[in-house]
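Residue numbers (the numbering used here): 97 to 234.
Laid out in structure tokens, this is it:
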């Protein structure tokens, strides 16, 4: 089956964002996906910031990587449909996102994960992102 990685099409954005927030309990994930979809509609999140991996026309993995001031981006780790290819799909999409961000002029991309979600960084680490610090909040 043909695998395609690209910016999410408008009709795929809702499904993509549900995968991005799929690690939350279902109601919370849907709430966050709806909030992100509203940010897209308002133009506060750019359509180019939502990336997908699709297979046979179906979104299998997704992530968001909004640009930030100063040649930077904030990366939301990829989420994927459960299945045999989920881990590989997440890693492939993270690699694609890295190149997509470079093409957009990004020099620094970061993800900020709570300690109970650090395992979600694994696809990013396998794609070449590096863990460089831990942040402690007062």
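Each residue gets a CB set at the ideal place from its N, CA and C atoms; glycine is no exception.
- When rounded, the separation of the alpha-carbon atoms in residue 142 and residue 179 is 29 Å.
- With 16 or more other CB atoms across the displayed protein chains lying within 10 angstroms of its CB, residue 109 is buried.
- Scanning 117, 137, 213 and 191 for the CA closest to the CA of residue 128 turns up 117.
- The beta carbon of residue 185 is closer than 6 Å to those of 149, 156, 157 and 176 in its chain, skipping five residues each way along the sequence.
- For residue 219, the enclosing alpha helix (DSSP H) stretches over residues 218-222.
- The beta-carbon separation of residue 119 and residue 216, rounded to 6 Å, stays under the 8 Å limit for a contact.
- Apart from sequence neighbours up to five positions away, the residues of its chain that approach residue 104 with a beta-carbon distance below 8 Å are 112, 143, 146, 147, 148, 155 and 158, ordered along the chain.
- In this structure, the beta-carbon distance from residue 202 to residue 160 does not fall below 8 Å.
- Taking a 10 Å sphere around the C-beta of residue 167, we find fewer than 16 other C-beta atoms and assign the residue as exposed.
- Around the beta carbon of residue 197, 16 or more other beta carbons lie within 10 angstroms, which makes this residue buried.
- Around the C-beta of residue 234, fewer than 16 other C-beta atoms lie within 10 Å, and the residue is accordingly described as exposed.
- Per the coordinates, the alpha-carbon of residue 124 lies some 10 Å from the alpha-carbon of residue 130.
- Per DSSP, the unbroken alpha helix (DSSP H) holding residue 125 starts and ends at 122-138.
- DSSP places residue 155 within a strand segment (E or B) once states are collapsed to three.
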